[in-house]
Structure formats: structure tokens, C-alpha cells
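In my numbering, the protein residues as written are 20 to 549. Even for Gly, the Cβ is constructed at its ideal location relative to N, Cα and C. Below you'll find the structure, written out as C-alpha cells, and then a few comments.
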């Protein structure tokens with residue numbers, strides 16, 4: 020039972036990446052639109068004060084904010100595609116149809132049962148408009164539920180075929196036929212059940228938000244501690260995109276979740292001070308500053324003869340963390356050789372959020388320095404207090420450096436560059452992969468060589484059932500996980516780490532994971548729809 024639950028959580032976590040990784044793009048473009056219409060910036064750069072750039076900025080921001088009001092639909096389609104075992108395009112299309120059926124079925128049933136609110140404002144009623152249809156306000160949870168159910172029905176019936184005159188109703192058509200009564204009955208059931216769930220969610224959000232700095236610390240620490248399991252997305256996503264992260268009225272529109280609120284508020288010039296719920300999105304201190312201090316500590320603690328190699332390894336990893344917010348190559352360099360350092364890192368990550376909370380800093384940097392500049396500078400100091408964010412970051416740079424250097428030398432941790440004689444100095448890094456990739460342009464067979472090494476280290480093609488990827492990890496299900504050769508994956512393919520949970524295997528490659536996934540798919544003969 021424990022294995023099945025963990026497997027289900029792993030799959031759901033992977034599926035959430037499809038919508039979650041798209042939303043920051045919308046946020047960045049909203050910030051860009053806000054930048055083009057920023058009055059203070061126009062004073063410094065007068066050439067921006069023209070109807071073309073301001074009009075484009077207004078259109079860009081206004082059009083993309085609409086995404087935030089339809090997250091249920093986005094998550095529904097994304098989850099269904101992510102959880103589908105095959106024919107993913109049909110799964111996504113069917114999820115869209117199921118979402119439309121659900122929304123209208125719930126509206127009709129609520130009208131028949133007399134619970135449909137009649138009035139000018141729906142705020143505070145527990146009901147909202149979804150695609151112009153009035154239903155219970157389920158937010159992102161509606162998408163999560165419908166996406167998962169659609170995927171279950173799809174996986175069970177996609178291969179169902181009929182003969183004769185009914186042949187046309189097989190496959191994806193039969194999936195939709197089965198889904199219709201399931202969705203209609205679900206809409207009726209949730210009309211009665213959801214208000215109780217919503218009450219519980221609201222109470223949980225209130226409890227967390229009223230737990231003060233302890234809640235902030237717990238959130239920040241857990242979000243890091245769950246990195247090895249790959250389930251850390253299940254910690255922060257509810258705070259970013261559901262009512263757990265706050266509920267705020269911005270310009271007459273109600274937004275739920277810290278990330279949604281932030282995007283909506285930066286898009287509305289009338290908002291003078293960013294809401295307190297944004298604190299749940301202030302996760303960038305450890306990425307942009309803290310882990311850079313940890314890298315410097317590891318470099319200074321390395322053996323003199325290894326420092327040149329260590330520098331070549333750590334600098335790219337540190338730059339990736341600071342600019343793009345990808346921390347796993349650094350974290351996996353000490354996660355297993357010195358677990359205490361990883362626990363300390365998680366604690367410091369939580370403490371950095373507490374520090375920002377105490378200083379009333381609303382600036383964010385969830386995905387590194389680029390996000391930090393785009394999101395905070397155009398809003399000015401009054402809204403975000405971004406200079407204090409940088410000061411706090413520099414302080415945590417020093418804290419990370421001092422703490423890591425003390426612990427590494429005190430306990431003689433075998434961090435990068437401190438390996439015993441005969442062991443190779445590595446960050447379990449992407450260096451080897453990058454070298455092979457550089458040669459791939461001259462020799463197209465090089466990518467196949469890397470894919471072949473990866474497949475061989477995973478126990479061979481016959482041992483691999485599924486291949487997917489998230490932002491930084493190649494995620495697989497294997498028949499025999501004991502056949503995995505971690506040393507080969509780390510030393511010959513540039514993996515930063517390997518995580519094995521029952522038959523689920525995650526190989527951490529960083530930002531180049533997408534190209535690796537394509538090479539492995541091509542080598543195995545998998546299509547994108549499998």
C-alpha cells in the first residue's frame with residue numbers, strides 16, 4: 020500500500036509540471052508588460068512613452084492575466100496529459116470536453132436544487148464564474164480532480180475497440196462516452212460535498228497563516244527537504260495556486276494563491292502595497308545567495324591539488340542557481356555525502372523566509388536573478404522593499420559560507436574536492452555530458468552514444484517501461500531498479516544524482532534534461548505520445 024501511494028504521488032507530481040512550468044512564463048510576460056507601462060521607467064527612458072510600447076504593454080499584461088482566472092482548466096488538461104499512459108493528445112482534448120461538461124452540469128443542477136446564488140456580487144458566497152458559468156468556487160482543485168479522473172478513465176478504456184457498426188465508438192470516443200456520466204454524477208456529488216472541503220481548506224489556510232513565522236519556516240524548510248523525493252512540488256504548488264496561499268480582491272476580481280495574487284497585483288497600477296500572502300513565494304534567497312556561499316565554502320575546503328578542477332565544476336553550477344534558480348546540481352553534490360549539510364540548508368532556507376517576513380519584504384526571486392529583476396525593480400521600493408531583499412541575501416551568503424565551511428572541516432565531510440586518494444573529483448556534474456554534447460554537433464552519433472550509455476546504465480531497454488522528465492530530472496519506471504548503475508550515470512553521463520523509490524527512478528541532469536530525454540526516447544524508439 021505504501022509503495023502504491025508513493026508511486027501515485029510521484030506520478031501526480033510529474034504531471035503537475037506541465038501546467039506549473041508554463042505559468043512562470045505568463046508571470047514574466049505580465050511583468051514585462053508592466054515594465055513597458057511603468058511611469059517611473061518612462062521618466063528615465065522617455066522613448067518608451069509612446070502609444071505603441073505602452074499599448075503593447077497594456078495588451079500583453081491584460082491578455083495574460085486572463086490565464087490566472089482559468090487555472091482550473093489549465094490544470095485539468097495538464098494533469099490529464101501528464102497522467103495518460105498513451106495517446107496523450109486525446110487525453111488532453113477529452114479533459115477539455117469533460118471540464119466543459121462538468122461546469123455546465125453543476126450549474127444546471129445547482130439551479131434545479133435552488134442553491135444557485137442570485138445577486139450582483141458573488142464574493143463571499145462560495146460561488147464564482149468559470150468560463151462565464153456560475154458554479155461552486157473550486158479553483159485549481161477542480162482542475163486537479165477532473166484531470167486525474169479523466170486520466171484514470173482514459174488509461175482504462177483507451178484501448179477498448181468494437182467491431183462492426185459500433186467500431187467508430189471505440190478508443191478515444193469510448194473514453195468520452197464513459198466520462199460523460201462520470202463527470203455529471205461527480206458534479207452533482209460535489210455540489211453537496213465541496214462546501215465541506217472548502218471549509219476545511221479555508222481553516223487550514225487560516226491556521227497556517229496564523230502560525231506566524233513558524234509556518235513560514237516550516238514551509239521553506241519542507242520545500243527543500245522533499246527535494247530527494249521529487250515531491251517538493253506538492254508542498255509549494257497549493258500555496259502558489261490555491262486559497263492556502265491567500266485570497267485577495269484585485270480590481271474586482273478575486274485571486275487565490277500567492278503567485279496568482281502577485282501577478283495580478285503587479286498588473287494593476289492601482290495596487291499600492293503588495294499583499295502579505297506573497298511571502299509564500301519568497302523562495303529565492305537560498306538560490307541566488309545562500310548556495311553560492313555554500314559553493315565558495317566547498318571550494319575553500321577542497322584539497323589544494325583539486326581546487327582547479329573544483330572551480331571549473333562549481334562555477335557553472337553556481338551561475339545556474341543564481342541566474343535560473345536551478346539548485347539541484349549543487350544540492351546533490353552534498354546531499355548524500357553529507358546529509359547534515361542538506362538539513363542545515365533546508366533550515367537556513369526556511370529561516371531566510373522568516374527574515375524576509377520580519378522585515379516586511381515582499382520582493383520575490385523564485386527562479387533566480389532574471390525573475391528578481393523583472394518582477395521587482397519596475398514596481399519600485401515602496402511595494403517590494405527589494406533593496407532589503409538583496410541585503411538579506413548577502414547576509415545569508417555569509418551565513419551559508421561560514422556554517423558550511425565549519426561543518427565540512429569539523430566533520431571532514433567528503434564534499435567535492437575532498438575525496439580520498441584514488442577517487443575522482445566530481446560534482447556528479449554535467450561536465451561529461453556537456454563535453455560529449457559539444458562533440459555531438461560534429462558527430463551526430465555522439466547523442467546516440469550518450470543515450471546508449473544512459474539506457475545501459477538503467478539496465479537496458481527491456482528494463483525501461485516509461486520515460487518522462489520534469490524541469491531538471493529524467494523520470495523513469497523500471498522493471499528491475501536494482502540493475503541501475505549509479506556510478507556510470509554520474510561519471511559518464513553527467514548526472515548530478517540518482518534517486519530510486521521502488522520502481523520509480525529519477526536521474527538529475529539539470530536544465531539539459533529535455534535534450535537528454537529526447538535522445539533517450541529516440542534511442543528506445545519511444546514517441547512523444549507514449
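Query                                                                                                   : Result
Simplified DSSP assignment, three categories, for residue 491                                           : coil
Extent of the continuous alpha helix (DSSP H) run through residue 5                                     : Residue 5 is absent from the structure shown; the chain starts at 20 and stops at 549.
When 89, 107, 534, 335 are compared against residue 118, the one with the closest alpha-carbon          : 89
Coarse secondary structure for residue 528, derived from DSSP in three states                           : coil
Beta-carbon proximity check, residue 412 vs residue 307, cutoff 8 Å                                     : yes
Per-residue DSSP class, three states only, for residue 434                                              : coil
Segment contact flag, the region 240-247 with the region 360-370, C-beta cutoff 8 Å, min 3 pairs        : yes
Cα-Cα separation, residue 519 to residue 264                                                            : 32 Å
Whole runs of the beta strand (DSSP E) within the region 229-311, excluding any shorter than 3 residues : 266-269, 272-275
Environment of residue 229 [buried if 16+ CB atoms lie within 10 Å]                                     : exposed
Alpha carbon of residue 269 to alpha carbon of residue 84, nearest angstrom                             : 11 Å
Beta carbon of residue 482 nearer than 8 Å to that of residue 497                                       : yes
Identity of the residues DSSP links to residue 485 by a beta bridge                                     : 496
Range covered by the alpha helix (DSSP H) that runs through residue 42                                  : 42-55
Bridge-paired residues (DSSP) for residue 152                                                           : 149
Beta-bridge partners of residue 523, as assigned by DSSP                                                : 496, 520
Whether residue 75 touches residue 159 by CB criterion (8 Å)                                            : no
Sequence-distant residues of its chain with Cβ nearer than 6 Å to residue 147 (five each side left out) : 141, 156
Residue burial classification, residue 390 (beta-carbon count within 10 angstroms, cutoff 16)           : buried
Distance between residue 495 and residue 540 (C-alpha atoms, nearest Å)                                 : 11 Å
Rounded C-alpha distance that separates residue 544 from residue 109                                    : 21 Å
Span of the alpha helix (DSSP H), counted from its first residue to its last, around residue 381        : Segment: none, residue 381 is in no alpha helix (DSSP H) and carries neither H nor E.
Candidates 171, 190, 173, of which the one nearest residue 180 by Cα                                    : 190
Cβ distance (whole Å) where residue 195 is taken to contact residue 116 below 8 Å                       : 6 Å
DSSP three-state assignment for residue 385, whether helix, strand or coil                              : coil
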